[in-house]
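Inspection log for the structure reproduced underneath, given as structure tokens.
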Amino acid sequence: MMLGLGSVEIALAFWLSVGATVLCVVYGIVNWNNKGTDKTGGGNQ
Numbered sequence: 001m002m003l004g005l006g007s008v009e010i011a012l013a014f015w016l017s018v019g020a021t022v023l024c025v026v027y028g029i030v031n032w033n034n035k036g037t038d039k040t041g042g043g044n045q
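Under UniProt numbering, residues 1 to 45 are what the sequence shown spells out, in order.
So this is what it looks like as structure tokens:
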């Protein structure tokens, strides 16, 4: 039993989910104001 989560597999799934969430939040913060490119060909020019 690891950290009271029942088994190593459950603990691993939990920590991988937490890690993925943190990575997504960091990626969102870093790229918050990036406008990117308009690939549709339309939009304001």
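A virtual CB, placed ideally from N, CA and C, is assigned to each residue, including glycine.
Under the three-state reduction of DSSP, which class applies to residue i: helix, strand or coil?
| i | result |
| --- | --- |
| Thr-40 | coil |
Tell me the residue span of the alpha helix (DSSP H) that contains residue i.
| i | result |
| --- | --- |
| Gly-19 | 8-30 |
Among the residues of its own chain, which have a CB less than 6 angstroms from the CB of residue i, if the five just before and after it don't count?
| i | result |
| --- | --- |
| Val-30 | none |
| Cys-24 | none |
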